[in-house]
Amino acid sequence: MKRVAILGSTGSIGVQSLEVIAQFPDRFTVCGLTANSQTEMLQRQIERFRPDIVAVMEERYAEKLRQTRNGYGPALCAGLDGLIAVATHPEADLVISALPGSAGLIPTLRAIQAEKTIALANKEILVMAGELVMRTAAAAGAQILPIDSEHCAIHQCLAGQRIEQVERLILTCSGGPFRDVDRSAFASISPADALAHPVWEMGRKVTIDSATLMNKGFEVIEAHWLFGLPVDRIDIVIHPQSIIHSMVEMVDGSILAQLGVPDMRLPIQYALTFPERLNVSWQRLDLMQRRELTFAPPDFDKFPCLRLAYQAGQAGVTVPTVLSTADEVAVEAFLQARIGFSDIPDIIAETITAHEHRMDDAPNGTFSLPSILEADVWARAFCADLVNTSSTNPLHVS
Ligand code: MG
363 MKRVAILGST GSIGVQSLEV IAQFPDRFTV CGLTANSQTE MLQRQIERFR PDIVAVMEER
423 YAEKLRQTRN GYGPALCAGL DGLIAVATHP EADLVISALP GSAGLIPTLR AIQAEKTIAL
483 ANKEILVMAG ELVMRTAAAA GAQILPIDSE HCAIHQCLAG QRIEQVERLI LTCSGGPFRD
543 VDRSAFASIS PADALAHPVW EMGRKVTIDS ATLMNKGFEV IEAHWLFGLP VDRIDIVIHP
603 QSIIHSMVEM VDGSILAQLG VPDMRLPIQY ALTFPERLNV SWQRLDLMQR RELTFAPPDF
663 DKFPCLRLAY QAGQAGVTVP TVLSTADEVA VEAFLQARIG FSDIPDIIAE TITAHEHRMD
723 DAPNGTFSLP SILEADVWAR AFCADLVNTS STNPLHVS
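Numbering of the sequence shown is given in this note's numbering, commencing with residue 363 and proceeding in unit increments.
This is how it looks when you write it as structure tokens:
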């Protein structure tokens with residue numbers, strides 16, 4: 363019996379993880395859950411899965427859960443301490459890290475230090491602090507299994523291979539909802555347009571990141587840390603059918619690929635059951651129904667976030683941290699209709715440039731947690747200022 367704690371149980375990955383867990387009641391139990399503010403959904407999850415401990419972001423939500431519970435009552439806690447209590451719960455064997463953005467960094471680091479196996483859905487953690495996270499995991503002997511379809515595919519393709527014999531990694535990318543939209547129309551894209559992703563069912567932030575292709579840029583940096591290849595040996599290919607989830611090219615020219623239906627439950631289940639595989643009841647890939655698989659190069663001019671991510675990955679130090687934080691702020695501002703879709707890469711680029719100038723003043727930037735958090739706090743404030751300036755600009759008032 364594997365005991366699972368889920369950081370972010372009411373988000374898209376959290377909900378689908380519980381669906382997978384519910385299929386195999388004799389294999390998994392849920393010992394901890396965390397959520398932000400969706401107390402009604404959380405209450406249903408508590409009654410269904412009976413965790414020992416539950417954390418919410420604010421004390422008022424914990425109080426609400428105390429008042430509404432009927433019957434089963436787990437230990438309830440709030441805030442960062444609460445998240446850490448769930449992440450390090452002594453009963454947990456495996457922690458699913460599915461909090462959005464930077465909020466997951468500290469609880470996940472603490473879970474790693476507590477030697478938990480991590481099923482990692484939060485790629486921002488590796489973008490922000492990849493070196494620190496991987497070093498901490500190596501020191502603790504904690505395994506990190508990606509819940510990202512591309513990285514799950516690469517993990518599978520690499521089984522039995524020697525990493526020195528890998529030529530390059532090839533991440534596939536659906537191209538997002540604006541693959542065939544002319545760049546001149548990007549300025550008028552609304553949050554609702556960008557939230558309608560054609561292939562994958564995901565949370566709001568990752569859906570916008572998929573529309574700007576920043577998500578794919580993050581995945582390059584994520585793959586760099588997970589598999590140890592430099593970013594210039596990690597390529598992207600546009601593959602709109604999303605059937606090949608990613609590929610590995612070996613030095614002899616052989617390309618290994620993993621295929622399947624685009625369904626996040628597949629990588630979730632892989633991470634939960636690794637190294638075993640279990641039968642599933644949901645839809646399988648029918649190759650006869652999918653006769654055409656197409657491939658194209660990515661357009662770096664149309665999707666500048668992709669180039670920004672490669673540049674940040676090359677620059678290293680705290681530049682990827684700033685990339686991730688600036689993206690978080692810019693995407694939130696876009697979702698609130700405070701900036702336009704094409705402002706997202708501009709604001710991120712401006713923040714990175716300002717950060718690099720700032721790093722020249724203090725060139726001893728390291729990968730310690732305080733320096734990462736400092737870069738995060740700085741980028742958040744700088745970027746918020748940029749958002750305020752651009753949203754008060756009459757050009758943006760519609
Ligand atoms: Mg992905």
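Ideal Cβ placement from N, Cα and C applies to all residues, glycine included.
Examine ligand 1 and report whether any of its heavy atoms sits within less than 8 Å of the Cβ of residue i.
i: GLU486; result: no
i: ASN750; result: no
i: HIS586; result: no
i: ASP510; result: yes
i: HIS513; result: yes
i: ASN398; result: no
i: ASN577; result: yes
i: GLU638; result: no
i: GLU581; result: yes
Does the beta-carbon distance from residue i to residue j come in below 9 Å?
i: PRO553; j: LEU697; result: yes
i: PRO413; j: CYS439; result: no
i: PRO707; j: THR574; result: yes
i: MET721; j: VAL691; result: no
i: ALA619; j: ALA502; result: no
i: MET403; j: VAL366; result: no
i: ASP661; j: ASP571; result: no
i: ILE532; j: MET609; result: yes
i: ALA481; j: LEU456; result: yes
i: THR479; j: GLN505; result: yes
i: LEU494; j: SER643; result: no
i: GLY622; j: LEU655; result: no
i: LEU442; j: THR401; result: no
i: ALA465; j: THR683; result: no
i: ALA460; j: SER550; result: no
i: LEU588; j: HIS513; result: yes
i: ALA342; j: GLY435; result: Summary: the structure shown does not reach residue 342, with the chain confined to residues 363 through 760, and so no result is reported for it.
i: ILE458; j: ALA633; result: yes
i: ARG541; j: ASP663; result: no
i: GLN645; j: ASP614; result: no
Just confirm the distance between the C-beta atoms of residue i and residue j, as a whole number of angstroms; I'd bet it's less than 8 Å.
i: ILE415; j: VAL448; result: 6 Å
i: GLY675; j: VAL593; result: 4 Å
i: LEU668; j: LYS578; result: 6 Å
i: VAL749; j: ALA695; result: 4 Å
i: LEU380; j: PHE411; result: 7 Å
i: ALA741; j: HIS717; result: 6 Å
i: SER733; j: ILE701; result: Actually they do not touch by this definition, with Cβ atoms about 28 Å apart.
So, for residue i: in the same chain, excluding its five sequence neighbours on each side, which residues have a beta-carbon less than 6 Å away from its beta-carbon?
i: LEU557; result: THR569
i: PHE548; result: PHE703, SER704
i: GLN673; result: none
i: PRO725; result: Unreliable positioning characterises PRO725 in this predicted model, as indicated by a pLDDT of 47, which lies under 50. The coordinate reading is nonetheless provided below. The answer is none, since no qualifying residue turns up.
i: PHE390; result: LYS364, VAL366, ILE383
i: SER374; result: MET564, GLY565
i: PHE636; result: LEU507
i: MET419; result: ASN398
i: VAL693; result: LYS567, ILE570
i: ARG595; result: ARG530
i: THR396; result: LEU369, ALA417, LEU445, VAL448
i: ALA424; result: VAL418, LEU438, ALA440
To which residues of the same chain is residue i closer than 7 Å at the C-beta, ignoring the five residues directly before and after it?
i: ASP685; result: For clarity, residue 685 is Leu in the given sequence; the question names Asp instead. The answer, listed in chain order, is VAL489, LEU670, ALA671, ALA674, ILE710, ILE714.
i: ALA746; result: VAL691
i: LEU467; result: ILE487, MET490, ALA491
i: GLU453; result: ARG365, CYS393, ASP414
i: THR498; result: LEU471, ILE474, GLN475
i: PHE764; result: Nothing about residue 764 can be reported from this structure: the residues present for the chain run from 363 to 760 only.
i: GLU477; result: ALA502, GLY503, ALA504
Looking only at its chain, what residues have a beta carbon closer than 8 Å to the beta carbon of residue i, apart from the 5 residues adjacent to it on each side?
i: ASP388; result: MET363
i: MET612; result: GLN523, GLN527, VAL528, GLU529, LEU618
i: GLU421; result: ALA440, GLY441
i: ARG652; result: GLN603, ILE605
i: GLU761; result: In the structure as shown, the chain starts at 363 and stops at 760, and residue 761 therefore has no counterpart that could be examined.
i: MET650; result: none
i: GLN405; result: LEU427, THR430, ARG431
Any chance the CB of residue i is under 8 Å from a heavy atom of ligand 3?
i: ALA741; result: This structure lacks ligand 3; its bound ligands are ligand 1.
Query - Cβ pair count under 8 Å reaching 3, the region 728–740 against the region 574–586 - result: No, the region 728–740 is not in contact with the region 574–586.
Query raised in the report: How about the region 530–537 and the region 597–608: do they share at least three Cβ pairs that are nearer than 8 Å?
Result: yes
Requested in this report: Take every Cβ of the region 502–511, pair it with every Cβ of the region 620–639, and state whether three or more of those distances are shorter than 8 Å.
Outcome: yes
Report task. Decide if the region 441–455 is in contact with the region 466–481; the criterion is three or more beta carbon pairs, one per stretch, under 8 Å apart. Result -> yes
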